[in-house]
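Just below is one structure, and these are the notes that go with it.
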Ligand SMILES: NC(=O)c1ccc[n+]([C@@H]2O[C@H](COP(=O)([O-])OP(=O)(O)OC[C@H]3O[C@@H](n4cnc5c(N)ncnc54)[C@H](OP(=O)(O)O)[C@@H]3O)[C@@H](O)[C@H]2O)c1
Ligand SMILES: NC(=O)c1ccc[n+]([C@@H]2O[C@H](COP(=O)([O-])OP(=O)(O)OC[C@H]3O[C@@H](n4cnc5c(N)ncnc54)[C@H](OP(=O)(O)O)[C@@H]3O)[C@@H](O)[C@H]2O)c1
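Residue numbers (my numbering), protein chains in the order written: chain A, 67 to 527; chain B, 67 to 527; chain C, 287 to 385; chain D, 287 to 385.
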């Protein structure tokens, strides 16, 4: 029996590995996700079979309830709400690991409990709980329950340091005196506070990076639980997620041209501060305002358009009508392409997911490096709810938070159209000099309203 | 103590992994090799320390003798003899695994010997011995001790099948009656024969693929020995080599446009059949013969030369004088590049190693895909001891063994010069129609002699 | 104590695999990758099943059942939403017409 | 019997790592890679040391010593020749002049 169990776990581990590998390439990603599903199903079924299911009722109820909730959320969720959903699920994974570890503490499967089990138990309690509360804060920030801006307490870093020291002390106490139920509870309590103080000073728009990091933690928590139970499939799957989450975090930071340290401790992010304020510096330059109808008229004479979507597109949920518009343009023989900046929107791949949802084929989407040379031969660069990813200050202004980040070269196009509500800056809070350029047309308004207007005008002509 | 030992083995395993990773990229390859060395040293030292070295004399003598032999061979060997050296070393790795497994059979470290130890012991004996005799045959073919052509016995595949069946039967007998020393010896004997019959029908020029495969086997043998001894560092390092060797084998087959099955069982390779025979088909076409002096005169008026080295360069050991020649050409302001076909020569990367030995900088070497578009703007394609990799039949002649293999487009250059001894074909035995082209100059002779002549003529002018 | 060593070996090797697999994933896939690997971390459900598997209602059993619920939300929700997202990525069937 | 399972886990994970590491190595490096990994397979020397480590001259000890010799040839020879080969790969210091 132990062979059957262990080989099934091994098979599941291999399928997780292959699944994760396939998830990394566009062609095979869906298959990869399915492999991971099969792996999970295998692991669950063999566990049920081998452990004999002594208390079937509570187990079935637990699985059905959890599965239903998960399924319903997954079906209902809007694509724009993806970041907060992933955050929440991460938290659930973390708390599950903590609960398992604590349950194992209450009734150990093997006695006497050895030193190494106790050490990994502490790790599991700690990481799991940090993942939970950290994820809840991230969720609250993204959902708008908490303000998105960084909340920095007085002596914040010292507080964090004290919390870490407290955990180490309680951990040692626990190992010295494992019988006392106080210590694990104290560890959990401190971890809960630490999760909050860890995430709360990070700006709402940096949350995707934090989520990737918490994702990595939730894997490590599962792995630590695997150490406690000496269960290899937990260790392997957890370690895979732990490592890949860390790499993903790094990739994201690279794309934003920031260090992980700066994200975690830099307290960047003025997410809430949109509006007509805070732009253009001191002197008042003039912009030329246009309407959707003006834009439609211009579209009459052009041959090529590159659309640059940004965070505002997601907020306005304008992806469907945008796709309709681009089909109208194509029907006129205009060459339409989408230029996707790696950090456009608020999570990596955000624009790709949104546009895919609106049935835009993914081979119409071009990554930055593939399209940047084409702007100079393009008639219109149509920028919808984006700002930072097209802000030329990134090239020139040394003290800008954007400085050094590669941007889409929209300013090389013959005409530049901005669709946004105001002269407000984007996530980085950096004024965009391109608004005031002669070849720029500003079309103020909500992205969805403006694009709908464009569609109407294009149809009427 | 067990912690110290196990953590050192773990560290060594990690260093092997990192070393192998670094070996895969030109910039870090040397560092990677050094990491692997450190890993090996760590593993050896901790083993000596932990096991207490009961019989220091024989161990020291063994290590010194082995190390000295290995060191001397490594220092003395010519780069052209690399394939046979790797083959021989592989065999040594294999036999070492067999010896360790057999010694463990004679005096088991843990009794009673369990079923799984016995099974892996059989595997270790078998794979190790096959690696040994197979490598010896490969060595003999490459060294010219055995003829390079495929040697196919009557009913060859049936013989191999019978040998496999015999091993399985003896293996079962051994497991049933482990006490009898007959069975392991019979297994070794059959494995030895199988190693021979496995490699002997493969043509000498396919040996690099076989060596890569045997390399993979020597890793698997080490891994099997690790199973016998329950030693993780053996298992890990062996598995790494086993897997990477298999991938390497596949990469090589791909580059030659052949399947592994075809290499192992196709009995291709007419390595020995050089000479003026067997070319050009029936009708006698005419070629234009030139001398090194003629070539030197032509070089007067040209601006760009692409050198295409092949197996003949290695045979003639002409790499040093070739480098001298190319420096003379460069001194005249001629643009000189080297085009390296992935399977030029007789082992992968063969030309790169040879030219590197002659101090040709590796950024003067161009891979096929990077240079194929340049031939059309090049004055002279100078082909030295190569044939198959420039044979245009690969594009057109459907029944050719070369058909479908990508080749270097030398025929697009303005002038094509061949330096070789005859109109003989290359490894694939396929006549080269380019010899008879109007723009082709044939310069017959040993590569070293001709290039030396060229150097002389260039200097005299 | 031996079992700790084994766990450390397994963990280390799996970490290497995780690192190797994810370097060089295109940004297009970052979001699905996050939600997919998120679902994988729900593997802790295996531990939850073991913890909840008792014929009593001790605290440890109750916590186990709670863990099952949370982990299953993570697993089912994560996999389904990833599949939904990836299902939306399609190539243009009209390319021939459109281009 | 448990130890077989552990060995199989470790082996499987290491095989995955080996596969991931070597896919996409440029042909330039195939030869050094072959001789380098060849040297690594000499790790069996660890087993040989254990086998030869006895205060007697039983057959098993003698075989162990022989195994040490062979494995050490493989290890030292393999690493040294790989290093020698890789040492020959250099970038052109004269490029600036030459080009
Ligand atoms: N992708 C990621 O993973 C990620 C993660 C964290 C941070 N970030 C950061 O987020 C930024 C992304 O750049 P981005 O150019 O996409 O966005 P952005 O620079 O944040 O600009 C978004 C723009 O959309 C406009 N907008 C908001 N709501 C709108 C609506 N309903 N209709 C029309 N326009 C609307 C806003 O201007 P108005 O207020 O004038 O309308 C704003 O200027 C980068 O700085 C990046 O580093 C990205
Ligand atoms: N690289 C690998 O890993 C590998 C492995 C296995 C097989 N192969 C196969 O080997 C072939 C390699 O192609 P290739 O173009 O390099 O070699 P090739 O097609 O085998 O041709 C070599 C040529 O060199 C000439 N030659 C021999 N000795 C010479 C000397 N001393 N001086 C001058 N010329 C001499 C021979 O012609 P003469 O007799 O007229 O002088 C022969 O035509 C491919 O078919 C490939 O598939 C390669």
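Where a beta carbon is used, it is the ideal one built from N, C-alpha and C, also for glycine. Bear in mind that the values here come from a model prediction, so they are computed numbers and not experimental data.
Kindly indicate if chain C contains any beta-carbon less than 8 Å away from that of residue i.
i	result
residue 236 (chain D)	Since the first and last residues shown for chain D are 287 and 385, residue 236 (chain D) lies out of range.
residue 207 (chain A)	no
residue 298 (chain B)	yes
residue 86 (chain B)	no
residue 307 (chain D)	yes
residue 76 (chain B)	yes
residue 72 (chain B)	yes
residue 292 (chain D)	yes
Quick one: does residue i have its CB under 8 Å from some CB of chain D?
i	result
residue 80 (chain A)	yes
residue 83 (chain A)	yes
residue 319 (chain C)	no
residue 256 (chain C)	In this structure chain C extends from 287 to 385, so residue 256 (chain C) is not present and cannot be described.
residue 325 (chain B)	no
Is it buried or exposed for residue i, if we count other Cβ within 10 angstroms and need 16 for buried?
i	result
residue 333 (chain C)	buried
residue 355 (chain A)	exposed
residue 541 (chain B)	Residue coverage of chain B in this structure runs from 67 to 527, which leaves residue 541 (chain B) outside it and unanswerable.
residue 423 (chain A)	buried
residue 527 (chain A)	exposed
residue 484 (chain B)	buried
residue 118 (chain B)	exposed
residue 72 (chain B)	buried
residue 207 (chain B)	buried
residue 298 (chain A)	buried
residue 176 (chain B)	exposed
residue 124 (chain A)	buried
residue 496 (chain B)	buried
residue 292 (chain D)	buried
residue 486 (chain B)	buried
residue 343 (chain D)	exposed
residue 342 (chain A)	Its pLDDT being 38, under 50, residue 342 (chain A) is placed unreliably by the model, and the measurement read from it follows with that caveat. Under this definition residue 342 (chain A) is an exposed residue.
Hey, is residue i's beta-carbon within less than 8 Å of any beta-carbon in chain A?
i	result
residue 302 (chain D)	yes
residue 298 (chain D)	yes
Between residue i and chain E, is there a C-beta pair that is closer than 8 Å?
i	result
residue 173 (chain B)	Looking at the structure shown, chain E is missing, and the protein chains on hand are A, B, C and D.
Kindly say whether residue i, judged by its beta-carbon, lies nearer than 8 Å to any beta-carbon of chain B.
i	result
residue 382 (chain D)	Reliability fails at residue 382 (chain D), whose pLDDT of 36 lies under 50, so the model's placement of it is uncertain and the value that follows must be treated cautiously. Chain B, which has no Cβ nearer than 8 Å to the Cβ of residue 382 (chain D), makes this no.
task: Kindly confirm or deny that the region 183 to 191 of chain B and the region 225 to 243 of chain B touch, where touching means at least three C-beta pairs closer than 8 Å.
output: With the cut-off at 8 Å, the region 183 to 191 of chain B and the region 225 to 243 of chain B touch.
Next on the checklist: At 4 residues or longer, what runs of the alpha helix (DSSP H) sit wholly inside the region 110 to 141 of chain A?
Outcome noted: DSSP runs (the alpha helix (DSSP H)) wholly in the region 110 to 141 of chain A: none.
Review point. Should the region 219 to 233 of chain A be regarded as contacting the region 154 to 169 of chain A, the criterion being three or more beta carbon pairs within less than 8 Å?
Key: Counting Cβ pairs under 8 Å, fewer than three are found: no touch.
Is it true that the region 353 to 370 of chain C meets the region 121 to 141 of chain A, where meeting means three or more beta-carbon pairs spaced less than 8 Å apart? Enough Cβ pairs lie closer than 8 Å, so yes.
Decide yes or no for the touch test of the region 335 to 353 of chain D against the region 450 to 462 of chain B: beta carbon pairs closer than 8 Å, at least 3 of them. They do not touch, by the three-pair rule.
Exercise. Which of the residues in the region 302 to 318 of chain A, read from start to end, lie with their CB under 7 Å from any CB of chain D?
Worked result: Across the region 302 to 318 of chain A, no CB contact with chain D closer than 7 Å is found for any residue.
**Request:** Counting only runs of 3+ residues fully inside the region 255 to 312 of chain A, write out the beta strand (DSSP E) ranges in chain order.
**Result:** Considered as a whole, the region 255 to 312 of chain A harbours no complete run of any beta strand (DSSP E) with no fewer than 3 residues.
message: Does the structure place the region 142 to 153 of chain B close enough to the region 86 to 105 of chain B that three or more beta carbon pairs sit under 8 Å?
response: The region 142 to 153 of chain B and the region 86 to 105 of chain B do not touch, with fewer than three beta-carbon pairs separated by less than 8 Å.
Using Cβ-Cβ distances below 9 Å, what residues of the region 420 to 449 of chain A are close to chain D? Those residues of the region 420 to 449 of chain A that come within reach of chain D (Cβ to Cβ, closer than 9 Å) do not exist; the list is empty.
Which residues, taken in chain order from the region 134 to 158 of chain A, show a beta carbon closer than 9 Å to some beta carbon of chain D? For the region 134 to 158 of chain A, no residue has a beta-carbon sitting nearer than 9 Å to a beta-carbon of chain D.
Any contact of the region 268 to 275 of chain A with the region 317 to 329 of chain A, i.e. 3+ C-beta pairs under 8 Å? Under the Cβ criterion (8 Å, minimum of three pairs), the region 268 to 275 of chain A counts as touching the region 317 to 329 of chain A.
| query | Going along the chain, which unbroken runs of the beta strand (DSSP E) with 3 or more residues stay wholly within the region 164 to 203 of chain B? | reply | Whole beta strand (DSSP E) segments, 3+ residues: zero.
- request: Decide if the region 498 to 516 of chain A is in contact with the region 467 to 486 of chain A; the criterion is three or more beta carbon pairs, one per stretch, under 8 Å apart.
  value: Contact annotation: the region 498 to 516 of chain A touches the region 467 to 486 of chain A, with at least three C-beta pairs closer than 8 Å.
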